[in-house]
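To start, the structure itself, in structure tokens.
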């Protein structure tokens, strides 16, 4: 139903190469997240799959068939846009039923599917309103409703939550995950937020400058990043990177340790430093520790309620098993 | 906290707004009132407001002396046709500039608008001579062409700004939803573009209707629209205030009525609540 294969897909805008030739396989029913910093080409990649942009080279196959030259309408994919892209002059009901009207489904079936989608998305009482009369979260749900009624081969989400406030974002994240559990349809989700990627994905595709840096499950990427970019991008707060003597001691250009893999202690440890800013989240505390000879502070995670403060001396002991080593090209040394 | 507007303040605002409105409207009202006076009452000092001998005489004299209907028809044809041709030319132009802009789009727009900064009288001679050569002087066709060209920059600019407000993602959404180009245009694009096109048409019609410089200079008896009709009553010798007022009233009435009924369209409508 929704197996998508990208075969040496390439995209140039004029002289500028946005995506150099790239291969990727997305299995049916998978929840794949494209993640990367802004401008990394993740949205362009999604638009290539959607057919909203033409590829410069390579082929896109959907369920084994070459879809490279197939117009977006015929690819059997549904898309949820960052701006929701609802039709402002239509009611919620008309918005959701639009793809069904285009597919010339009979009226009774249209109504049935719209009612069903509305029930799933808690939109029943808003069916006769227009998009302008809805809140951001409701509009987002209408956009999703418009996508699900078609029963598409795959859903494409282009940063769908970035216009929502933080609390709503967490709620919608869960709703989309639940939707995936229920529908078991392929979903491709673009975001720059690694937390969204980690929490929702079956498979994460990390992109940088149009190139795939690594593909894997969230925990694979977390445990075994292939290079420094992925190591720094996945995980929150970011991995700490140290160069200089500590790295040289371990035959590396750079070493990386995640904040949660460093044990802080007020009395003894491998590295000595001074606490700068500390962020108390209740459940956790993050210390930003300044170490002599290192320009950037090191972030360390500690328990929620610890009696260490700004200016205190602190000792840090990294978990030897979890120190990542990188060579001068940024690749991980295994 | 929102600023509380007291009732007293509201009343004051209302009174002031009405006063300003009446002040602006007064010349029009005075013209209409004068058109119902005799010539003697029209110049009476102190001026007479409502208590004079209401008469329709001026209207019948004006109608007798000059053929109002012919001027009216000329106005309708010139304003209507120039607007129609202008819109047909401008829609594709504005469309391509709004949806497939090139590096020079902004420059082209500015250049088009800059032609409106040129004093019209500066090109009067060349155009007059061209009109003589082409036999367009005092023809409706000639005026339609000139009016269309004069207002084209404004039409393109207005349509461009309206089209720019239609988010490209909505059209892409329609494409993703399986709408072929025809349905995309019929169900999504047109409903969103129509209010903009309608107000552009109305404004352009009004501009063409009121235009006096070219209509006065390029017409004589045959193709003259209502502007020429009014002008023919302003003569330096003799006092014809009442008749001039009657002629003016008859000239502005159609466009005033049109404007009244379409004010909703003229004020930018349709809020785009669908995006962000």
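Residue numbers (the numbering used here), protein chains in the order written: chain S, 400 to 733; chain A, 504 to 779.
Glycine residues also receive a C-beta, built at the ideal position from the N, C-alpha and C atoms.
As the structure is a computational prediction, the values presented were derived from the model and not from experiment.
### Message
Against chain S, does residue 694 of chain A count as a neighbour if the rule is that its beta carbon must be under 7 Å from one of theirs?
### Response
Along the second chain, one-based indexing puts residue 694 of chain A at 191. Cβ-Cβ to chain S under 7 Å: yes for residue 694 of chain A.
### Reference residue 719 of chain A, options A:530, A:555, A:701, A:578, closest by Cα
One-based indexing of the second chain puts residue 719 of chain A at position 216. Of the candidates A:530, A:555, A:701, A:578, the residue whose Cα lies closest to the Cα of residue 719 of chain A is A:578.
### Query
Does the beta-carbon distance from residue 721 of chain S to residue 649 of chain S come in below 7 Å?
Translated into positions along the first chain, residue 721 of chain S becomes position 322. Translated into positions along the first chain, residue 649 of chain S becomes position 250. Cβ distance not < 7 Å, so residue 721 of chain S and residue 649 of chain S don't count as in contact.
### Query
Quick one: is residue 565 of chain A buried, meaning 16 or more other Cβ sit within 10 Å of its Cβ, or exposed?
Within the second chain, numbered from 1, the residue matching residue 565 of chain A stands at position 62. Burial call: buried.
### Task
Taking only the alpha-carbon atoms, compute the straight-line gap between residue 553 of chain A and residue 536 of chain A and give it to the nearest angstrom.
The residue you call residue 553 of chain A lines up with position 50 of the second chain. The residue you call residue 536 of chain A lines up with position 33 of the second chain. Distance from the CA of residue 553 of chain A to the CA of residue 536 of chain A, rounded to the nearest whole angstrom, comes to 8 Å.
### Query
Who does residue 458 of chain S pair with in a DSSP beta bridge?
In the first chain, counting from the first residue as 1, residue 458 of chain S sits at position 59. Its beta-bridge partners are S:406.
#### Entry: Cα-Cα separation between residue 690 of chain A and residue 651 of chain A, rounded to whole angstroms
As a first step, residue 690 of chain A is located in the second chain; it is residue number 187 there, counting from the start. As a first step, residue 651 of chain A is located in the second chain; it is residue number 148 there, counting from the start. So the alpha carbons of these two residues sit roughly 30 Å apart.
### Task
Use the C-beta contact count for residue 488 of chain S: other C-beta atoms within 10 angstroms, 16 or more gives buried, fewer gives exposed.
The sequence position of residue 488 of chain S within the first chain is 89, counting from 1. It counts as buried.
### Task
Could you tell me whether the Cβ atoms of residue 590 of chain S and residue 434 of chain S are closer together than 7 Å?
As a first step, residue 590 of chain S is located in the first chain; it is residue number 191 there, counting from the start. As a first step, residue 434 of chain S is located in the first chain; it is residue number 35 there, counting from the start. Yes.
### Task
Return the bridge partner residues of residue 621 of chain S from the DSSP annotation.
Looking up residue 621 of chain S in the first chain gives position 222. In the DSSP assignment, residue 621 of chain S forms no beta bridge with any residue.
### Message
Mapping the DSSP letters down to three states, classify residue 610 of chain S as helix, strand or coil.
### Response
For the purposes of this step, residue 610 of chain S is taken as the residue at position 211 of the first chain. Looking at residue 610 of chain S - three-state DSSP - the assignment turns out to be strand.
### Query
Are there 16 or more other CB atoms within 10 angstroms of the CB of residue 680 of chain A, so buried, or fewer, so exposed?
Locating residue 680 of chain A in the second chain gives position 177, where the first residue counts as 1. Buried is the call here.
### Query
Going along the stretch 712 to 727 of chain A in order, which residues come within less than 7 Å of chain S, judged by CB to CB distance?
Cβ proximity to chain S below 7 Å picks out nothing from the stretch 712 to 727 of chain A.
#### Entry: C-beta neighbour in chain S for residue 691 of chain A, strict 7 Å
To locate residue 691 of chain A, count along the second chain from 1; it is residue 188. So yes, residue 691 of chain A belongs to the interface.
### Option nearest residue 583 of chain A by Cα separation, candidates A:637, A:644, A:725, A:665
For the purposes of this step, residue 583 of chain A is taken as residue 80 along the second chain, with counting starting at 1. For residue 583 of chain A, the nearest C-alpha among the options comes from A:644.
### Message
Please state the DSSP three-state secondary structure of residue 728 of chain S.
### Response
Taking the first residue of the first chain as 1, we reach residue 728 of chain S at position 329. Look at residue 728 of chain S here: in three-state DSSP terms it is coil, with no helix or strand label.
### Message
What does the Cβ neighbour count give for residue 709 of chain S, buried or exposed, with the cut at 16 atoms within 10 Å?
### Response
One-based indexing of the first chain puts residue 709 of chain S at position 310. Classification of residue 709 of chain S: exposed, given that the 10 Å Cβ count is below 16.
### Task
Indicate the three-state DSSP secondary structure (helix, strand or coil) for residue 642 of chain S in the structure shown.
As a first step, residue 642 of chain S is located in the first chain; it is residue number 243 there, counting from the start. If DSSP states are grouped into helix, strand and coil, residue 642 of chain S belongs with coil.
### Query
With distances taken between CB atoms, is the gap from residue 483 of chain A to residue 534 of chain A smaller than 7 Å?
Past the boundaries of the shown model lies residue 483 of chain A; chain A is included only from 504 to 779, so the question cannot be answered.
### Query
Looking at chain S, which residues of the stretch 659 to 686 of chain A have a Cβ within less than 7 Å of any of its Cβ atoms?
Taking 7 Å as the Cβ-Cβ cut-off against chain S, the residues of the stretch 659 to 686 of chain A that qualify are 670, 672, 673, 675, 676, 678, 679, 680, 681, 682, 683, 686.
### Query
Along chain A, which residues have their Cβ under 7 Å away from the Cβ of residue 449 of chain S?
The residue you call residue 449 of chain S lines up with position 50 of the first chain. Neighbourhood of residue 449 of chain S in chain A, by CB distance below 7 Å: 679, in chain order.
### C-beta contact flag for residue 461 of chain S and residue 547 of chain S at 7 Å
Along the first chain, one-based indexing puts residue 461 of chain S at 62. Along the first chain, one-based indexing puts residue 547 of chain S at 148. 7 Å or more divides the Cβ of residue 461 of chain S from the Cβ of residue 547 of chain S.
### Message
When you compare the CB of residue 774 of chain A with every CB in chain S, is at least one pair closer than 7 Å?
### Response
Along the second chain, read from residue 1 onward, the residue named residue 774 of chain A stands at position 271. Note on residue 774 of chain A: pLDDT 36, under 50, position unreliable in the model; no value is reported.
### Contact set for residue 571 of chain S: own chain, Cβ-Cβ below 7 Å, skip 5 residues either direction
Locating residue 571 of chain S in the first chain gives position 172, where the first residue counts as 1. Result list for residue 571 of chain S: 536, 539, 560, 563, in chain order.
#### Entry: Where the beta strand (DSSP E) containing residue 670 of chain S begins and where it ends
Your numbering for residue 670 of chain S matches position 271 in the first chain. In the DSSP annotation of this structure, the continuous segment of the beta strand (DSSP E) that includes residue 670 of chain S starts and ends at 670 to 679.
#### Entry: Residues bridged to residue 702 of chain S [DSSP beta-bridge criterion]
Along the first chain, one-based indexing puts residue 702 of chain S at 303. Beta-bridge partners assigned by DSSP to residue 702 of chain S: S:683.
### Query
Per DSSP, residue 615 of chain S is paired with what?
Stepping through the first chain from its first residue, residue 615 of chain S is reached at position 216. DSSP lists S:603 as partners of residue 615 of chain S.
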